[in-house]
Amino acid sequence: MAFDAGTTSERAIVFDKSGRIVSLAQKEIQQYYPKAGWVEHDPMEIWSAQLGVAVEAMSKAGLNAEDIEAIGITNQRETTIVWDKETGLPVYKAIVWQCRRTTRICDGLAEYRDMIRDKTGLVIDPYFSATKLKWILDNVEGAADKAARGKLLFGTVESWLIWKLTKGRVHVTDQSNASRTMLFNIHELKWDVEICALLGIPLCMLPKVVSNSEVYGESDPSYMGGSIKIAGAAGDQQAALFGQKCFNAGDIKNTYGTGCFLLMNTGENAIDSKNGLVTTIAWNKNGKTTYALEGSVFMGGAVIQWLRDELGLINNAAETEELALKVKDTNGCYIVPAFTGLGAPYWKPEAKGIITGLSRGVGKYHIIRAALDSIAYQVNDIVSAMSHDAGSVLRVLKVDGGASNNAYLCQMQADISDVKVVRPECVETTALGAAYLAGLASGFWKDEADIEKRSGINTVFEPIMESEVRSKCIDGWKRAVEMLI
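In the working numbering, the protein residues as written are 84 to 568.
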């Protein structure tokens, strides 16, 4: 069973040995926006919703704890939780990866940019956990003192869930999530004392760093009618890379979730990007660390939510495909959805979203189409950067995530990036990757070769756009982005 603790919902998915879904349950969680650019979640809601959907998924399929081989956890990364070691209660709401409140803290670290990049593989940005943790210690009354006395614990969402599942017996984080904190030395594979001291973060509040595929402990039997091994964990994008079976160096995937995240497996080499990407740990398994290059788009599927919730142009995400095809193009309209700044390859946290090219002839359907196109353009910026870093043109892009169900978007991505886009039969690859990691640790699957042979039917989108049209579209996008940067 995979726990998929996402940005907008908590899900539990049970997979069988063939990698097919047996049962699924999902519950949305509330988003809090206390100030412009601030995004928060309630950690207790994350926990209760996740436990609730786990029980629901088991109940739907008529399963009990003895039927579940192991639990694998995947999570929204970088989101920061600090809780009291004794009471188990958070001292503040979870600060979500999208939150930009720590921009000034990041600006103050400019002189340490090269040192932090060399050690962590990351650029200094509010996206990552370190400055969020510093903000909590600096702004929550008494937090810094309690943390220094060993009374507070820090964790990303998977760490929080494992701690709760084991009733406080296990405080760990996996290497992939640790590598997203901006506190972890990805070469020495340990918390970096110098960076922690620079930010005033006590080492005693940090979780033990473990591999992505091993038994961490067991869930307390009171939660799901019996104990279940917790045997795998990975940040959502690394889990999707594993779930897409990108086991070899050079394999690439993009996940269309709330944001978009393009990862390339670079094997045992931690490649230093020259084009605005970050170097990160993909996973550690059997004592071996695999690295990845990553580009992050902050507003992917969230753009579609914006069309629905803020603009009222659609009733649900699924209808955007049909509505976008009611017009032949966007009539010159471009949307740059920098609602929480621009991520890779620009890294402009202060940027704001814009709509350009508006004329009297631009209507509802053009706006919807431009919103979908903005996702493809942002991903293409990263495809281009990754091609330069890798020294080769990318030819195949594996895709997953909710928005990949949109055939218009997949075709647009193939056209704009001039790549073959391959969508698997099961697009729940984030959860599947977590299940694979747990199942490998427990022996449910023998090895990666055993996983490889359990493949479904893929849908392939070949590029059909003429090169002149492609160039014109990309040029228009670049002009729109230049207005922000």
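Don't be surprised by glycine CBs; every beta carbon is placed ideally from N, CA and C.
- Apart from the 5 residues on each side of it in sequence, Thr542 sits with its Cβ closer than 7 Å to the Cβ of Arg506 in its chain, given in chain order.
- Scanning Ser296, Asn463, Gln181 for the CA closest to the CA of Met382 turns up Gln181.
- When DSSP states are grouped into helix, strand and coil, Phe86 belongs to the strand group.
- Between the alpha carbons of Thr185 and Lys143 lies a gap of roughly 42 Å.
- Note: Ala375 is bridge-paired with Asn348, Thr363 in the DSSP secondary-structure output.
- The beta carbon of Leu406 lies closer than 6 Å to those of Tyr448, Ile451 in the same chain, with the five residues before and after it left out.
- By the Cβ test, the region 183-201 is in contact with the region 111-126, since at least three Cβ pairs between them sit closer than 8 Å.
- The shortest C-alpha to C-alpha distance from Gly135 to any of Ser305, Asp530, Arg553 is the one to Ser305.
- Rounded to whole angstroms, the Cβ separation of Ile269 and Ile364 is 6 Å, and the two are in contact under 8 Å.
- If you compare the alpha carbons of Pro428, Ile397, Gly395 with that of Ser379, the shortest gap goes to Pro428.
- If you check the CB distance, Ile387 and Ala454 come in under 8 Å.
- Excluding the 5 residues flanking it on each side, Gly171 has same chain C-beta neighbours closer than 7 Å at Gly251, in chain order.
- Inter-residue distance for Val298 and Phe330 is about 21 Å (C-alpha atoms, whole angstroms).
- Contact annotation, Ala517 with Gly155: C-beta distance approximately 3 Å; criterion of less than 8 Å satisfied.
- Ile335 is a Cβ neighbour of Lys481, given a cutoff of 8 Å.
- In terms of Cβ geometry, Val179 and Thr239 do not form a close pair [threshold 8 Å].
- Burial of Gln320 is indicated by the presence of at least 16 other C-beta atoms within 10 angstroms of its C-beta.
- The Cβ neighbour count for Ala280, taken over all protein chains shown within 10 Å, is under 16; the residue is labelled exposed.
- Counting only residues of its own chain and dropping the five nearest sequence neighbours on each side, Glu111 has a CB closer than 7 Å to the CB of Thr91, Ser92.
- Secondary structure note for Glu93: its beta strand (DSSP E) is the uninterrupted segment 92-98.
- Take Asn414, set aside five residues on each side of it, and the residues of its chain with a beta-carbon closer than 6 Å to its own are Gly444, Val445, His449, in chain order.
- Taken through DSSP and simplified to helix, strand or coil, Phe422 comes out as strand.
- Taken atom to atom, the span from the alpha-carbon of Gln496 to that of Pro285 is near 44 Å.
- In the structure shown, His449 adopts helical secondary structure according to DSSP, grouped into three states.
- Gly526 sits away from Val510, with the two beta carbons spaced by 8 Å or more.
- Excluding the 5 residues flanking it on each side, Val276 has same chain C-beta neighbours closer than 8 Å at Leu286, in chain order.
- The region 530-562 is shown to contain whole alpha helix (DSSP H) runs of 4 or more residues at 531-535, in chain order.
- For Ile178, the secondary structure class from DSSP, reduced to helix, strand or coil, is strand.
- Lys229 and Ile534 have their C-alpha atoms spaced approximately 46 Å apart.
- DSSP places Thr338 in the uninterrupted beta strand (DSSP E) bounded by 335-339.
- In this structure, Thr264 lies near Phe211, with their beta-carbon atoms less than 8 Å apart.
- The Cβ-Cβ distance between Ala140 and Glu241 does not fall below 8 Å.
- Remark: C-beta atoms of Ile568 and Lys431 approach each other more closely than 8 Å.
- DSSP assignment within the region 112-171 yields the following whole beta strand (DSSP E) runs of 3 residues or more, N-terminal first: 154-158, 164-167.
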